[in-house]
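Okay, structure first, notes after.
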Amino acid sequence: MQVHVAMAEAGPLEWACSLYISPTSPGFSPRPQLESLIQSLQPAGLWQITETGCGYIVSFASDSDAQNFLSIDLVAALDGSVQVAKFNTHDTRYKQIVLLRDVPWAIPLQDISEALTKQGISSGILERSRQHVRVEVLEPSDYECLLQQGLNFFGAIQFTAIPERCWKVGVPPCGTSNATTICNTDNTQQDSVLQCYRCQGFWHIAANCRHLPRCVRCGEPHSVEFCPRPRNDPVCCHCGGPHHAAYKHCPVRQQLINATPITISLSSSRNPSNKQQWASI
Numbered sequence: 001m002q003v004h005v006a007m008a009e010a011g012p013l014e015w016a017c018s019l020y021i022s023p024t025s026p027g028f029s030p031r032p033q034l035e036s037l038i039q040s041l042q043p044a045g046l047w048q049i050t051e052t053g054c055g056y057i058v059s060f061a062s063d064s065d066a067q068n069f070l071s072i073d074l075v076a077a078l079d080g081s082v083q084v085a086k087f088n089t090h091d092t093r094y095k096q097i098v099l100l101r102d103v104p105w106a107i108p109l110q111d112i113s114e115a116l117t118k119q120g121i122s123s124g125i126l127e128r129s130r131q132h133v134r135v136e137v138l139e140p141s142d143y144e145c146l147l148q149q150g151l152n153f154f155g156a157i158q159f160t161a162i163p164e165r166c167w168k169v170g171v172p173p174c175g176t177s178n179a180t181t182i183c184n185t186d187n188t189q190q191d192s193v194l195q196c197y198r199c200q201g202f203w204h205i206a207a208n209c210r211h212l213p214r215c216v217r218c219g220e221p222h223s224v225e226f227c228p229r230p231r232n233d234p235v236c237c238h239c240g241g242p243h244h245a246a247y248k249h250c251p252v253r254q255q256l257i258n259a260t261p262i263t264i265s266l267s268s269s270r271n272p273s274n275k276q277q278w279a280s281i
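Quick note on full-length UniProt numbering: the sequence shown kicks off at 1 and runs consecutively.
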């Protein structure tokens, strides 16, 4: 693995954005063109090129430098076909988020932060999510430790910790901090109610959907990526409850579990027997 750092300085660097560039043509090595291309843009911040087995990782300390690089037609500039994947440091999809369950509102986030520090957990942003506290865990080892042990709140109580991704899919509370058990529970209990993630309607899938898209967070006709409503304050478009439209325990969805979908097909052709009956009247 080869690494090139421009304007290197002492100390660890925190990259704001990284781009994985993979050539699609065998034997194509665009590293010299990459270096020349980045230098021609005169980036304001530090940048780095890391060579992997099949491609290159271009990292920028400035997000604006990364945007300038992406605005170029890379296929034409590199004289070859490439694929690009963007990784943003602040992208929540790649963060390790834990929910501390049933934390009383009387406990401020500052005390939660101090309890995490006392337990040796390196945390980032803390925020309230209804009756839970959302914790950004910075180290992978701390993430696993917090899930297994929970948060020891100064010896008074042990708050259970669960992965945020498991809570989002509607897994019911089961009073355990074992993340593997919680996730497996959701996989083994298959829901019999079909739901479309495009319009949030029931008894059909997105591939067959003919309705307008609806936001899973607020029900308005836009994608959830552009929803102005706070993520921790959803409203269900089915029942109006404080949860997203795909929540497994939505009252409307629960009523549909015991319902039987009926398919009605209409035919434009006339039944000859019906014609004879009307003619005899």
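We treat Cβ as the ideally placed atom computed from N, Cα and C, and that holds for glycine. Small disclaimer: the values here were computed from a predicted structure and weren't measured.
For the 7 Å CB-CB criterion, tryptophan 203 and leucine 212 do not form a contact. For proline 23, the enclosing beta strand (DSSP E) begins and ends at 17-23. Here glutamine 200 is buried: its Cβ has 16 or more other Cβ atoms, across all protein chains shown, within 10 Å.
A direct Cα-Cα distance of roughly 7 Å separates proline 23 from serine 29. In the structure shown, the three-state DSSP call for phenylalanine 153 is strand. Of the residues Gly80, Gln131 and Ser81, the one whose Cα lies closest to the Cα of tryptophan 105 is Gln131. Taken through DSSP and simplified to helix, strand or coil, phenylalanine 202 comes out as strand.
Looking at the backbone, the Cα of proline 242 and that of glutamine 42 are separated by about 49 Å. Separation of glutamate 139 and alanine 61 (C-alpha to C-alpha, rounded to the nearest whole angstrom) is 21 Å. By the criterion of a C-beta distance shorter than 8 Å, valine 103 is surrounded in its chain by Ile112, Gln131, His132, Val133 and Phe159, once the five residues flanking it on both sides are discounted.
By the C-beta density criterion, proline 234 is buried, having at least 16 other C-beta atoms within 10 angstroms. DSSP places valine 224 in the helix class (H, G or I) of the three-state scheme. If you check the CB distance, isoleucine 21 and glycine 55 come in under 7 Å.
Assignment of isoleucine 49 by DSSP, reduced to helix, strand and coil, places it in the strand class. The DSSP-derived three-state label of leucine 212 is coil.
Beta-bridge partners assigned by DSSP to serine 129: His132. Note on phenylalanine 153: 16 or more other CB atoms within 10 angstroms of its CB, so buried under the neighbour-count rule. Linking lysine 86 to isoleucine 57 through their CA atoms gives a straight-line distance of about 10 Å. In the three-state reduction of the DSSP assignment, glutamine 42 falls in the coil class, being assigned neither a helical nor a strand state.
Alanine 85: member of the beta strand (DSSP E) spanning 82-88, first to last residue. Beta-carbon to beta-carbon, valine 84 and leucine 19 are separated by about 6 Å, close enough to satisfy the 8 Å threshold.
For cysteine 209, the closest alpha carbon among the candidates Gly219, Tyr197, Glu220 and Cys218 is that of Tyr197. Out of Asn232, Pro230, Cys237 and Arg231, the CA that lies nearest to the CA of proline 221 is found in Cys237.
When secondary structure is reduced to three states using DSSP, proline 251 falls in the helix class. Sequence-distant Cβ neighbours of glutamate 164 in its own chain, meaning closer than 8 Å and more than five residues away, are Ile97, Val98, Leu99 and Arg134.
Here serine 36 is not near glutamine 48, since their CB atoms are 7 Å or more apart. Annotated three-state conformation of proline 163 is strand, per DSSP.
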